[in-house]
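K.L.:
Please find one structure pasted underneath; my questions will follow.
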Amino acid sequence: GAGVSQTPSNKVTEKGKYVELRCDPISGHTALYWYRQSLGQGPEFLIYFQGTGAADDSGLPNDRFFAVRPEGSVSTLKIQRTERGDSAVYLCASSLGPGLATTGANVLTFGAGSRLTVL
Amino acid sequence: KQEVTQIPAALSVPEGENLVLNCSFTDSAIYNLQWFRQDPGKGLTSLLLIQSSQREQTSGRLNASLDKSSGRSTLYIAASQPGDSATYLCAVNPDSNYQLIWGAGTKLIIKP
């Protein structure tokens, strides 16, 4: 697609429920990133995919968080047993591939985010 | 552990003024640094990327500088306009991928 698409844009759920957030990256982008942004703070890295595999999942806060990208395109971030502290905007971004081009051609493009509110 | 700080947290200036936003980081071993713009309800937009070997980058009315040894970067905005109102974030990249480490941002308001 023309940009990075994230759904849903807003999700309100109750504590303890299971949530899935979807990211559809730019066509042809092999690298996909998930970040989480709490109110008044900068984004926090969660996980990075290169193709179908998670190249770095060191940012996932605990084992309630899991992400997949089975066909190397769309990714789903899954949160089990949600807690109020999980409330944040979850941002997805994609880029052409690993590494950064010095010309800036391999720019990182963000989606508009999915705002998750856990009551 | 790398930490990124942005000061001030908020800034309000009249239209037409030149202004500087500041970003500092604690570990000088960075691959590059980026400045982003964030508008409410929209995604982050990359403004400028400075490689660790570079001192500055320019795009239109924006100029970003990098002093790696002192752990500082500045974003200079010339002749500010109301459309420049947004939150500006700097992010440090520790390696060649995009596991960025972010500041909390500076919320900029340009008054007409």
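Chains A and B are the protein sequences, given in the same order. Residue 46 in the numbering used here sits at position 46 of the first sequence; the count goes up by one each step and never skips. Residue 120 in the numbering used here sits at position 1 of the second sequence; the count goes up by one each step and never skips. Where a beta carbon is used, it is the ideal one built from N, C-alpha and C, also for glycine.
#1: Are the beta-carbon atoms belonging to R156 (chain B) and Y207 (chain B) less than 7 Å from one another?
#2: Is the distance from the Cβ of L168 (chain B) to the Cβ of N151 (chain B) below 7 Å?
#3: Does any residue of chain A have a CB that is nearer than 7 Å to the CB of K226 (chain B)?
#4: Fully enclosed by the region 54 to 89 of chain A, which alpha helix (DSSP H) runs are 4 residues long or longer?
#5: Per the DSSP calculation, P133 (chain B) is bridged to which residue(s)?
#6: State the start and end residues of the unbroken beta strand (DSSP E) segment that holds Q176 (chain B).
#7: Please list, in chain order, the chain A residues whose beta carbon lies closer than 8 Å to that of Q121 (chain B).
#8: Can you give me, in chain order, the residues of the region 186 to 198 of chain B that have a beta carbon less than 7 Å from any beta carbon in chain A?
#9: Do you know how far the Cα of D56 (chain A) is from the Cα of A101 (chain A)?
P.N.:
Let me spell this out:
#1: Going by beta carbons, R156 (chain B) and Y207 (chain B) fall inside the 7 Å limit.
#2: Yes, the pair counts as a contact, with Cβ atoms nearer than the cut-off.
#3: At least 7 Å separates the CB of K226 (chain B) from every CB of chain A.
#4: Those alpha helix (DSSP H) runs which fall completely within the region 54 to 89 of chain A and span 4+ residues do not exist here.
#5: Beta-bridge pairing links P133 (chain B) to B:K230.
#6: Run containing Q176 (chain B): E175 to S178, per the beta strand (DSSP E) assignment.
#7: Those within 8 Å of Q121 (chain B) in chain A number zero; the least Cβ separation is about 11 Å.
#8: Residues: none.
#9: Caution is warranted here: a pLDDT of 47 is assigned to A101 (chain A), below 50, making its placement in the model unreliable, and the coordinate value is therefore given only provisionally. When only Cα atoms are considered, A101 (chain A) and D56 (chain A) end up about 20 Å apart.
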